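Reading through the structure tokens given below for one structure.
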Amino acid sequence: MLSRVANCLYWMSRYLERADNTARLLDVNLQLLLDGRALDERALAGHWIPIVQSAGDETLFSALYPRATAETVTEFLVFHPENPNSIQGSISQARENARMVRDQITGEVWEEINRLYLFLRQPQARAMARSSAVEFFQEIKASSLLLQGLTNATVLHNEGWLFQQAGKYLERADKTSRILDVRHTAFPARGAPEPVSQAGALEWAAVLRSCSAWDAYKSTHGSEVQPALVADFLLLSPDFPRSVRYCVQQLNHALRRISGVAESSFSNDAEKLAGRLLAELQFGTPAEIFDAGLHTSIDVLQSKLNDIGAALFKAYIFQAFLIQDSEQLHQQEEQQQQAASALSPG
Amino acid sequence: MPSSAKSPCATASGSGLLPTVLNGYATDNFFDEMFLPDGTLRPHYRKFVTKFGTIPKAELDTKRKAVDALFLRQGITFNVYGDSQGTERIFPFDLLPRIIPAAEWEKLEAGLIQRITALNLFLHDIYHEQRILKDGVIPAYYVLSAKHFRREFVNFRVPGDIYIHVCGTDLIRGADGGYMVLEDNARCPSGVSYMLENRRAMRRTFPDFFEGVGVRSVSNYPAELLNVLQHVAPAGVGDPTVVLLTPGSYNSAYFEHTYLARQMGIEIVEGRDLVVRDQRVFMRTTKGQQPVHVIYRRIDDDFLDPTVFRSDSALGVPGLIHAYRAGNVSLANSIGTGLADDKVMYYFVPRIIKYYLDQDPIIPNVPTYLASEEKDCAYILENLDKLVVKAANEAGGYGMLMGPHASKAEREDFRDRIVADPRNYIAQPMISLSRHPTFIEETDHCEGRHIDLRPYILYGNKTTVIPGGLTRVALRRGSLVVNSSQGGGSKDTWVLYADE
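Here it is, written out as structure tokens:
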């Protein structure tokens, strides 16, 4: 498979997953506010700023908006053209990558990505996000699930599919850890988070619901929301398909299948790092994580995921591409055979 | 163009079976593809119109919207250049097909095969013995001064001696309905994906029409193209790796590139995916570098290799030309075919056919005047207000003067340009292009619109003309420009098994 194509598939998949997670995060937190507490401006900012932080774009946000409110955060994370990680930005980039590899994905997958892209660009999309946010985010989440289903059911499970899997699970592991980290002001510097009051429990339940983990958590731990158990569940559950451990396991598996190297050894840094992180998650305990500090542990985890992404790029994608002047490339691409599509009248 | 508005004109009447959208349709004294001058239906449209007439207007409207939505959803769009919003538009599609009866097509097919055969012989001769120049059939000056003549490739033997593998020849019909060649596109003609997608859309919209009307299939194009590409693989390569080289996703034909690659089951590559080592071409893959044997290139000669042609090309592959010259990789179309697209060469095509094949052209040229011939030049300059003047090496409506529609200043500007550089200009009479009923949204009715036809010809171990092509429509009333960026649209083209 062409390295460039592998790269496109990997990023297409990452951006789709990114949009999906942003939609989940916003959806749940908007609903949380509806739970009927009048919040002053400071309390509102205290609610929304961590959410912006979890998307990793706090500096850009504060440059663009004076206040963090439901409206500004939604605008920023869903539509703002200067935020490349907004839902619209992510879908546009997913589509741009998909466009470059249209011969590698099926018509069904392409049409759905294109439909979602066109949906987000309509003026009605903004109105819908404002007036019926639940339906709006449902549309995005449903589309994401449809795309995952189509990818599994219609695309050849070949190398390209494995690169998509790798991208999806790497992104998802990172996002799950970030959604958990939204509550970081409630984490103690060391030790397990304390049991919480009823109001606090709502916010922890929101974390679970952002990861679609509410039902799965309940069936494992009962309906009482314990912060320590939530953290354990989202980081270390071996079976929950959005837990960090599960994602790293899938990522590791995809990497092994790309190279054909057994789990017991490795042929490149991506496999080495992924295997090592998986072992840590498999053989780590919640107590150890809390001892090191939950927020610190999540930070370390995120940088390890970044390292795996960088190693993957180095192993498969980067082959000393010439760094070209993209403006010039763009222009020349456009100029080619403009002529051929035109008729000169006789 | 005839000043038809004043003349008494026939109104479509037919047999009372006419669909309501065609009621009161006027041919306005143009050659109409569907109706005879007296307003009766041409026989080869009868079967279609009978079926079409049974569809209620409301259902037609639904079908039309469904097709537009389909194209948009599939992303069958072209990029609007210079639009920072990245706007993409669909190429407007008209549900009424253009229909060509069997006998008419047979003649076109023969004419197109004759033309591509002669042009390939011509290019081979020009890049080798140059007999046609030595025999004085074409003044050597015209060939040697042509912008796309690649002297670097004189005496280079191209694989299979084939220069033009894929040709998209533009045909038009004048006031008497006679077909003429408007231009040959012997470099990388585009639009074939629209031909295929238009047909797919029509099959979806009118699934029960095709069998009854007897329409020939166009769907084997990708398979035939792959045959041609494999046919020209370097000698000794048993199972050649064929790739399609695209300028990239910002090119307006990018959709077509991915479409064809997918249909043929080959990789679509950009210049940066390829690397040349020891005069062999490889693509960079996740498993290292893999050899490439045949490149269906959709980028111009000038951009292919920055070490040989334009050094600022960011699209090309350094060393590609060396590999090509060493015979380790084949290119389709070959380098240097742009010579045949030079509008001055076009003037000589009838002589080229006569010289190599000893035949008269089956499809004639549009009458053409060469500005560098003294007598012609005087005529051109005297009749600028009646003629269409074209620059010899530009296309797409660039460098063109539509005399009757131009302002005095524009005509004077062209007069200066012609006098300064006569080699680069030709002129042709304004042709009154044939018209076809086309649904017009504003009037909610069918009106006559000018059309052309681009059939696709493949030249490999055999020559194949795909029975169909891209029919382009000038959607603006009275317009002769079918360019997609200037309000052009398209229609499906049906070639019938029979004459009715």
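Chains as they are written, first to last, in my numbering: chain S, 1 to 346; chain Z, 1001 to 1500. The beta-carbon is built from N, C-alpha and C at its ideal position, and this holds for glycine as well. Just so we're clear, the structure is a prediction, and the values are computed from it rather than from any experiment.
Contacts that residue i makes with chain S (C-beta to C-beta distance below 7 Å)
{"i": "Z/S1407", "result": "Going along chain S, no residue has its Cβ under 7 Å from Z/S1407, so there is no contact; the nearest lies around 17 Å."}
{"i": "Z/T1050", "result": "Within chain S, no residue comes near Z/T1050; the closest Cβ sits about 32 Å away, beyond 7 Å."}
{"i": "Z/T1258", "result": "R102 and D103"}
Whether residue i touches residue j by CB criterion (9 Å)
{"i": "Z/I1055", "j": "Z/L1119", "result": "no"}
{"i": "S/P188", "j": "S/L312", "result": "no"}
{"i": "Z/P1222", "j": "Z/D1499", "result": "no"}
{"i": "S/V225", "j": "S/A201", "result": "yes"}
{"i": "Z/L1480", "j": "Z/H1450", "result": "yes"}
{"i": "S/D103", "j": "Z/R1472", "result": "no"}
{"i": "Z/P1207", "j": "Z/S1490", "result": "no"}
{"i": "Z/L1384", "j": "Z/V1192", "result": "no"}
{"i": "Z/G1316", "j": "Z/R1325", "result": "no"}
{"i": "S/G89", "j": "S/N83", "result": "yes"}
{"i": "S/N21", "j": "S/R245", "result": "no"}
{"i": "S/A216", "j": "S/F233", "result": "yes"}
{"i": "Z/Q1290", "j": "Z/T1337", "result": "no"}
{"i": "Z/R1307", "j": "Z/I1295", "result": "The sequence shown places Thr at residue 1307 of chain Z, not Arg. Not a contact, by the Cβ cut-off of 9 Å."}
{"i": "S/D57", "j": "S/F79", "result": "no"}
{"i": "Z/G1460", "j": "Z/H1231", "result": "yes"}
{"i": "Z/E1109", "j": "Z/P1364", "result": "no"}
Cross-chain neighbours of residue i in chain Z, by beta carbon under 9 Å
{"i": "S/M1", "result": "E1267, T1285, T1286 and K1287"}
{"i": "S/N114", "result": "L1072, R1073, Q1074 and G1075"}
{"i": "S/Y246", "result": "The premise fails here: S/Y246 is roughly 25 Å from chain Z at the closest Cβ pair, so nothing lies under 9 Å."}
{"i": "S/R4", "result": "V1269, E1270, R1272, D1273 and R1284"}
Best match in the options for proximity to residue i [C-alpha to C-alpha]
{"i": "S/A315", "options": "S/A98, S/Y10, S/A142 and S/A270", "result": "S/A270"}
{"i": "S/M12", "options": "S/L162, S/A129, S/L25 and S/Q93", "result": "S/Q93"}
{"i": "Z/E1183", "options": "Z/P1404, Z/P1350, Z/K1386 and Z/Y1459", "result": "Z/P1350"}
{"i": "Z/D1577", "options": "Z/F1048, Z/Y1025 and Z/K1343", "result": "The structure shown has nothing for residue 1577 of chain Z, since chain Z only spans 1001 to 1500."}
{"i": "Z/K1462", "options": "Z/D1385, Z/E1104, Z/I1099 and Z/I1116", "result": "Z/I1116"}
{"i": "Z/L1274", "options": "Z/T1368, Z/A1314, Z/D1176 and Z/G1178", "result": "Z/A1314"}
{"i": "S/E41", "options": "S/H80, S/T72, S/L60 and S/A206", "result": "S/T72"}
{"i": "Z/L1433", "options": "Z/H1405, Z/T1443, Z/Q1289 and Z/G1478", "result": "Z/G1478"}
{"i": "Z/E1442", "options": "Z/R1411, Z/R1476 and Z/L1458", "result": "Z/R1476"}
{"i": "S/L181", "options": "S/A43, S/Y10 and S/P50", "result": "Per the sequence shown, residue 181 of chain S should be read as Asp rather than Leu. For S/D181, the nearest C-alpha among the options comes from S/P50."}
{"i": "Z/M1345", "options": "Z/S1330, Z/Y1369, Z/T1464 and Z/A1378", "result": "Z/Y1369"}
{"i": "S/S237", "options": "S/K272, S/S267, S/L278 and S/N268", "result": "S/L278"}
{"i": "Z/A1233", "options": "Z/I1162, Z/Y1425 and Z/A1253", "result": "Z/I1162"}
{"i": "Z/V1482", "options": "Z/D1452, Z/Y1254 and Z/V1137", "result": "Z/D1452"}
{"i": "Z/C1188", "options": "Z/W1494, Z/I1457, Z/V1465 and Z/A1474", "result": "Z/I1457"}
{"i": "S/S15", "options": "S/Q31, S/N85 and S/H47", "result": "Checking the displayed sequence, the identity of residue 15 of chain S turns out to be Tyr instead of Ser. Ranking the options by Cα distance to S/Y15, first place goes to S/N85."}
Whole-angstrom C-beta distance between residue j and residue i, which should lie under 8 Å
{"i": "Z/I1431", "j": "Z/I1076", "result": "Contact doesn't hold; Cβ gap of about 30 Å is too wide."}
{"i": "S/K141", "j": "S/A23", "result": "6 Å"}
{"i": "S/R257", "j": "S/L162", "result": "5 Å"}
Spatial distance of residue i from residue j (CA atoms)
{"i": "Z/V1213", "j": "Z/L1196", "result": "19 Å"}
{"i": "S/Q165", "j": "S/R183", "result": "28 Å"}
{"i": "S/S3", "j": "S/F318", "result": "8 Å"}
{"i": "S/A310", "j": "Z/A1340", "result": "50 Å"}
{"i": "Z/E1270", "j": "S/K168", "result": "25 Å"}
{"i": "Z/D1360", "j": "Z/I1418", "result": "31 Å"}
{"i": "S/P193", "j": "S/E112", "result": "42 Å"}
{"i": "Z/E1211", "j": "Z/L1226", "result": "28 Å"}
{"i": "Z/M1400", "j": "S/R126", "result": "45 Å"}
{"i": "Z/G1487", "j": "Z/L1244", "result": "30 Å"}
{"i": "Z/S1145", "j": "Z/T1246", "result": "29 Å"}
{"i": "S/E17", "j": "Z/A1235", "result": "47 Å"}
{"i": "S/F321", "j": "Z/R1272", "result": "Here the model assigns S/F321 a pLDDT of 45, short of 50, so the residue's position is not dependable, and the following value carries that caveat. Those two C-alpha atoms are separated by around 7 Å."}
{"i": "Z/P1429", "j": "Z/D1492", "result": "28 Å"}
{"i": "Z/H1128", "j": "Z/D1170", "result": "28 Å"}
{"i": "Z/L1121", "j": "Z/Y1355", "result": "10 Å"}
{"i": "S/N158", "j": "Z/E1267", "result": "15 Å"}
Contacts that residue i makes with chain S (C-beta to C-beta distance below 8 Å)
{"i": "Z/S1249", "result": "E96, R99, M100 and E333"}
{"i": "Z/S1313", "result": "Q332"}
{"i": "Z/R1262", "result": "R102 and D103"}
Any C-beta of chain C under 9 Å from that of residue i
{"i": "S/E111", "result": "The question asks about chain C, but that chain is absent: this structure's protein chains are S and Z."}
Contact set between residue i and chain Z, taken where Cβ atoms lie within less than 7 Å
{"i": "S/Y316", "result": "T1286"}
{"i": "S/E159", "result": "T1286"}
Closer than 8 Å at the beta carbon, the chain Z residues around residue i
{"i": "S/L348", "result": "Beyond the ends of chain S as shown, which are 1 and 346, falls residue 348 of chain S; an answer cannot be given."}
beta-carbon residue i near the ligand MN non-hydrogen atom, thresh 8 Å
{"i": "S/P193", "result": "For the structure depicted, the ligand MN is absent and the ligand set is empty, with no information on it obtainable."}
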